[in-house]
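Here the structure comes first, spelled out in structure tokens, and everything after it is commentary.
There are 2 protein chains.
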Amino acid sequence: MASLKELRNQIFIGTFIHSKKLDELEYLHDTAICVDKTGKIIAIEPQCDQKKAEMSLYPTLGWSAADVAVTIAKDGQFFFPGFIDTHVHAPQYPNVGVFGKSTLLDWLNTYTFPMEASLSDLSKARKVYTRCIRRTLAHGTTTAAYYATIHVPATNLLADLCLSMGQRAFVGRVCMDRMGPDYYLDETADEALAASRASIEHIRGIDPGFALVSPILTPRFAPACSEGALAGLGRLQRETGLPVQTHISENRSEVGLVRELFPRSRHYAAVYDEHGLLGPRTILAHAVHLGDDEADLIAARGAKVAHCPCSNSALTSGEARVRWLLDKGIAVGLGTDMSGGYSPSVLEAARLATLVSNHLAMGGERRGGEDASAPGEGERAKLSFEEVLYLATRGGAEVVGLQDRIGGFRVGMEWDAQLVSLGALGDDVAEDDMQDYGNMDVFGWENWDERVAKWVYTGDDRNTTMVWVRGRLVHERK
Amino acid sequence: MASLKELRNQIFIGTFIHSKKLDELEYLHDTAICVDKTGKIIAIEPQCDQKKAEMSLYPTLGWSAADVAVTIAKDGQFFFPGFIDTHVHAPQYPNVGVFGKSTLLDWLNTYTFPMEASLSDLSKARKVYTRCIRRTLAHGTTTAAYYATIHVPATNLLADLCLSMGQRAFVGRVCMDRMGPDYYLDETADEALAASRASIEHIRGIDPGFALVSPILTPRFAPACSEGALAGLGRLQRETGLPVQTHISENRSEVGLVRELFPRSRHYAAVYDEHGLLGPRTILAHAVHLGDDEADLIAARGAKVAHCPCSNSALTSGEARVRWLLDKGIAVGLGTDMSGGYSPSVLEAARLATLVSNHLAMGGERRGGEDASAPGEGERAKLSFEEVLYLATRGGAEVVGLQDRIGGFRVGMEWDAQLVSLGALGDDVAEDDMQDYGNMDVFGWENWDERVAKWVYTGDDRNTTMVWVRGRLVHERK
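Residue numbers (the UniProt record's numbering), protein chains in the order written: chain Z, 1 to 478; chain X, 1 to 478.
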């Protein structure tokens with residue numbers, strides 16, 4: 001099934017930028033990175049150009065120049081780690097931008113369930129999933145944690161397409177045996193579990209080591225799962241060690257619904273915990289309205305959070321307190337959450353993460369103290385562009401449990417990367433430049449920090465020129 | 001100076017969409033609009049194609065087919081009124097995206113004043129202004145209310161460039177005789193007024209009737225103007241009848257500063273009112289932290305508001321209560337406010353206007369009652385995509401005083417319009433389509449409302465294929 005071509009040894013030369021820590025980017029100029037045929041970074045050499053690499057680097061690696069594919073970042077270009085989308089619903093892709101004034105629960109019934117149900121049609125699923133993967137790759141998303149639908153064949157198709165198109169992915173068959181409409185529901189907890197197992201076995205068949213595509217256990221969210229389904233998925237997690245993804249505390253009405261449905265649980269996080277679904281491999285999307293105790297439990301279990309600022313703003317869900325989560329030691333990544341979120345771009349999610357953090361800071365002064373579950377945070381709440389780029393790469397890698405393999409440039413990690421091109425202006429402001437590099441205008445007097453800030457605030461997929469996953473070129477902008 | 005070529009009679013055929021009222025778009029399908037050589041709409045004919053126009057419409061207009069330039073919107077394309085950017089600082093364009101975690105007052109000193117001061121260099125000014133105009137035209141901005149700098153020659157150059165590049169514009173020499181740094185300040189109130197007069201006379205010289213480019217009186221904001229300067233500008237307004245643009249109540253520290261500097265005025269709006277600067281031709285940018293009395297005074301005077309959601313979010317200024325302003329009968333348009341705002345796009349401002357209104361709605365429940373100047377607004381605060389498109393066109397036209405000439409399609413109005421192309425997908429999802437039409441994927445099952453919603457949330461300048469001002473083609477996407 002996998003159509004990966006045999007890779008050559010590769011060298012990448014130029015400027016590399018990645019997160020050193022939460023609030024600090026590292027700039028590696030005039031550097032060379034060598035990637036072997038398995039897509040692994042095997043050397044990082046400062047002060048190195050092609051000539052020097054051939055003379056002194058290749059011999060130490062046992063490479064001969066003829067066998068090496070060379071990619072050089074030109075002036076105004078840099079290599080950056082691929083983005084990690086820690087929360088995205090592939091079947092909702094056609095609804096992107098369409099949500100009206102709805103909030104979570106009516107949005108599900110009006111827009112989402114009908115669209116997801118329609119993907120039982122495999123030809124429609126192929127069209128939607130192909131476009132979703134192409135689009136997200138074009139935005140530099142090298143890893144995505146996908147929700148599929150309840151359908152096993154369409155879920156398997158999504159996994160097949162990720163593998164053949166070369167996107168690293170976690171693909172989850174959605175488990176929901178209540179709350180959905182009659183036409184879109186697992187009939188019983190047992191059938192739900194059997195279907196999830198079937199999809200896991202399919203993925204094991206196409207990518208035995210889960211090197212690129214992995215299954216992920218996906219209870220839609222607590223209100224859509226019976227106790228039996230949750231408990232069964234908890235057992236399946238213990239049995240398989242697979243990751244888990246679900247939603248938590250996105251919207252106040254949803255939190256109220258969970259309180260009604262699970263009256264014995266002390267809060268939303270406890271529901272997952274009591275069913276064996278809150279552990280170090282669990283990705284919790286949203287986490288907007290958590291209480292202190294709840295966040296402490298999440299931290300204690302080592303579960304992670306997918307922050308989805310576009311979606312939370314669009315569906316009027318709330319403002320997740322990212323600084324507060326990070327302060328508690330919880331790993332946080334970014335999610336586009338299409339189609340609650342209106343954009344396929346993790347860069348847009350990063351941009352919105354700064355803006356939402358600003359709204360949180362603005363609200364702080366008014367909010368302070370009056371609501372114990374949402375104390376004011378003031379200026380500290382604000383996330384910088386450096387911090388949101390961390391969340392988009394290293395933070396995301398931690399959320400999906402791949403922090404040793406992706407999210408930065410280090411020997412031993414894999415080459416999941418994008419080549420970013422800035423729209424450098426010469427004195428000639430030709431119309432053509434403008435179209436090639438989107439909205440970024442670099443006038444020439446900006447320092448590197450300012451260039452990266454411009455990318456975060458004005459960049460788009462036009463600045464993502466090439467994208468690689470495990471060393472394989474998976475997107476190139478013509 | 002004006003390089004307008006002689007226009008031909010023109011006919012535009014296809015789907016036209018514009019705002020009928022605040023919350024309602026009108027869809028005119030299979031329609032023809034005739035525009036005469038002066039750029040004026042002289043006929044709107046429903047159920048009309050090219051053949052029918054030639055047979056039955058041209059004769060009534062005295063047109064012969066050979067003299068008419070024809071533009072037909074294809075399937076997946078529609079004509080939309082040009083956007084009106086009611087608040088934008090052209091000299092700050094190179095700083096777009098660069099603001100760090102600053103808020104208004106430190107942002108001015110760190111980023112803004114040094115950049116503006118540097119535009120005394122006319123070759124730099126030419127480069128920056130040319131790029132700014134090209135970029136905003138490419139995003140469908142047919143009218144812009146520009147702040148220039150304190151320099152007369154550079155301000156005049158901006159007006160020259162708007163005229164030659166064909167963008168409708170209000171161009172204001174910035175008046176500031178205090179608070180700025182030594183290196184960037186009008187030396188006295190008298191010198192400030194003389195400089196503003198000089199720029200007005202220049203514009204009168206290049207566009208005597210202000211048909212395309214008009215001067216606009218531009219006290220930077222109250223803290224940067226002495227009482228003498230404000231009073232002098234007030235007199236100049238009475239003398240000339242020219243429009244006025246300034247800032248109001250963007251940031252809490254700024255409001256405090258105004259209270260200190262103008263202790264006898266009862267609030268910020270009163271400062272402008274007392275100096276004869278609050279009238280029906282006044283554009284007030286931001287209006288975030290207004291009190292009730294203040295808004296009532298603004299409404300009574302007929303002054304207008306430029307809402308700048310990107311800037312207010314980026315600089316942590318606050319959330320302007322647009323619904324509340326509209327309820328008071330105040331006209332509201334949108335401003336990109338570059339470079340407080342990070343985007344040249346009014347479409348982005350429209351998108352953010354919906355999101356900021358959602359944040360206002362979210363905050364409402366927490367905020368209610370505790371702060372008299374910012375009562376909770378709840379769900380009513382939320383702006384729909386139809387409403388923000390109204391603000392971007394008809395609302396903006398009212399703000400700049402051109403509601404009878406631009407902002408919609410009506411006989412007697414001028415042809416300021418854009419041709420929008422949706423990225424319609426056939427069954428073939430070719431990579432090329434993706435690049436041509438940006439991020440918009442129309443799968444084919446969307447109704448027109450959903451298509452327009454997708455444009456608002458996922459569109460960008462790649463969807464703006466052609467742009468006209470007063471009938472003249474001023475941008476075409478290759």
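Beta carbons are placed, not taken as given, at the ideal position from N, Cα and C, and that holds for glycine.
Closer than 9 Å at the beta carbon, the chain Z residues around residue i
i         : result
Ala-314/X : Thr-354, Leu-355, Asn-358 and Tyr-457
Contact with chain X by residue i, beta-carbon distance below 8 Å
i         : result
Tyr-342/Z : yes
Pro-91/Z  : no
Pro-94/Z  : yes
Ala-453/Z : yes
Glu-319/Z : yes
Gly-368/Z : Because Gly-368/Z carries a pLDDT of 36, less than 50, the predicted location of this residue cannot be relied on, and the following value inherits that uncertainty. Chain X contact via Cβ: absent.
Ala-372/Z : Low confidence applies here, because Ala-372/Z scores a pLDDT of 34, under 50, leaving its location unreliable; read the following figure in that light. Closer than 8 Å: no.
Asp-460/Z : yes
Leu-473/Z : no
For residue i, the nearest candidate out of the options (CA to CA)
i             : options                                       : result
Gly-256/X     : Thr-246/X, Leu-391/X, Leu-402/X and Pro-223/X : Pro-223/X
His-307/X     : Ile-248/X, Arg-168/X, Gly-228/X and Ser-265/X : Ile-248/X
Arg-173/X     : Ser-102/X, Thr-155/X and Phe-16/X             : Thr-155/X
Asn-439/X     : Thr-458/X, Glu-450/X, Trp-445/X and Thr-464/X : Thr-458/X
Asp-160/Z     : Ser-199/Z, Thr-142/Z and His-275/Z            : Ser-199/Z
Glu-254/Z     : Arg-477/Z, Trp-107/Z, His-139/Z and Leu-402/Z : Trp-107/Z
Ala-169/Z     : Met-179/Z, Tyr-129/Z and Arg-178/Z            : Tyr-129/Z
Pro-94/Z      : Ser-384/Z, Thr-354/Z and Tyr-342/Z            : Tyr-342/Z
Trp-455/X     : Glu-187/X, Gly-423/X and Phe-16/X             : Gly-423/X
Ile-42/Z      : Asn-312/Z, Lys-382/Z, Leu-57/Z and Thr-218/Z  : Leu-57/Z
Ala-231/Z     : Arg-259/Z, Pro-215/Z, Ala-211/Z and Tyr-272/Z : Tyr-272/Z
Tyr-147/X     : Ser-214/X, Glu-191/X and Thr-240/X            : Ser-214/X
Tyr-390/Z     : Tyr-111/Z, Val-346/Z, Leu-419/Z and Ser-123/Z : Val-346/Z
Gly-62/X      : Lys-74/X, Pro-81/X and Val-35/X               : Val-35/X
Arg-114/X     : Ile-150/X, Phe-79/X and Ala-53/X              : Reading off the sequence, residue 114/X comes out as Pro, not Arg. Among Ile-150/X, Phe-79/X and Ala-53/X, the Cα nearest to that of Pro-114/X is on Ile-150/X.
Gly-318/Z     : Pro-280/Z, Arg-281/Z, Asn-358/Z and Gly-279/Z : Asn-358/Z
Thr-110/X     : Ser-164/X, Glu-387/X, Pro-181/X and Ile-13/X  : Pro-181/X
Arg-380/Z     : Arg-410/X, Ser-164/X, Pro-153/X and Lys-101/X : Lys-101/X
residue 479/Z : Asn-9/Z, Ala-32/Z, Lys-40/Z and Gly-378/Z     : As displayed, chain Z neither begins before 1 nor continues past 478, which places residue 479/Z out of reach and without an answer.
Gly-291/Z     : Ala-320/Z, Arg-134/Z and Val-70/Z             : Ala-320/Z
Residues that residue i bridges to, as DSSP identifies them
i             : result
Gln-77/Z      : Ser-421/Z
Trp-468/X     : Ala-417/X and Leu-473/X
Ala-32/Z      : Ile-13/Z and Glu-45/Z
Pro-208/X     : Paired residue(s): none; Pro-208/X is not in a bridge.
Leu-25/X      : Ser-19/X
residue 505/Z : Chain Z is shown from 1 up to 478; residue 505/Z falls before or after that span and cannot be answered.
Gly-341/X     : Met-338/X
Thr-282/Z     : Val-244/Z
Residues that residue i contacts on chain X, provided the C-beta gap is smaller than 8 Å
i         : result
Ala-361/Z : Thr-316
Contact list for residue i against chain Z, beta-carbon separation under 7 Å
i        : result
Ser-19/X : The contacting residues do not exist; Ser-19/X stays about 17 Å from chain Z at best.
Proximity test, Cβ basis, 8 Å: residue i and chain Z
i         : result
Gly-97/X  : yes
Glu-450/X : yes
Neighbouring residues, chain B, relative to residue i (Cβ below 8 Å)
i         : result
Asp-273/X : Absent from the structure: chain B. Protein chains present are Z and X.
Chain X residues whose Cβ lies nearer than 9 Å to that of residue i
i         : result
Ser-384/Z : Gly-100 and Lys-101
Nearest-angstrom beta carbon gap, residue j and residue i [assumed within contact, 8 Å]
i             : j         : result
Leu-315/Z     : Leu-7/Z   : At roughly 41 Å, the Cβ-Cβ gap does not stay under 8 Å, so Leu-315/Z and Leu-7/Z are not in contact.
Ile-84/X      : Thr-143/X : 4 Å
residue 492/Z : Thr-464/Z : What is shown of chain Z runs 1 to 478, which leaves residue 492/Z out entirely.
Cys-310/Z     : Ala-361/Z : Actually they are not in contact, since the Cβ atoms of Cys-310/Z and Ala-361/Z sit about 18 Å apart, beyond 8 Å.
Val-244/X     : Ile-283/X : 7 Å
Val-474/X     : Phe-80/X  : Not a contact, Cβ separation roughly 15 Å.
Gln-418/X     : Gly-76/X  : About 15 Å; that fails the 8 Å criterion.
Arg-301/X     : Leu-278/X : 5 Å
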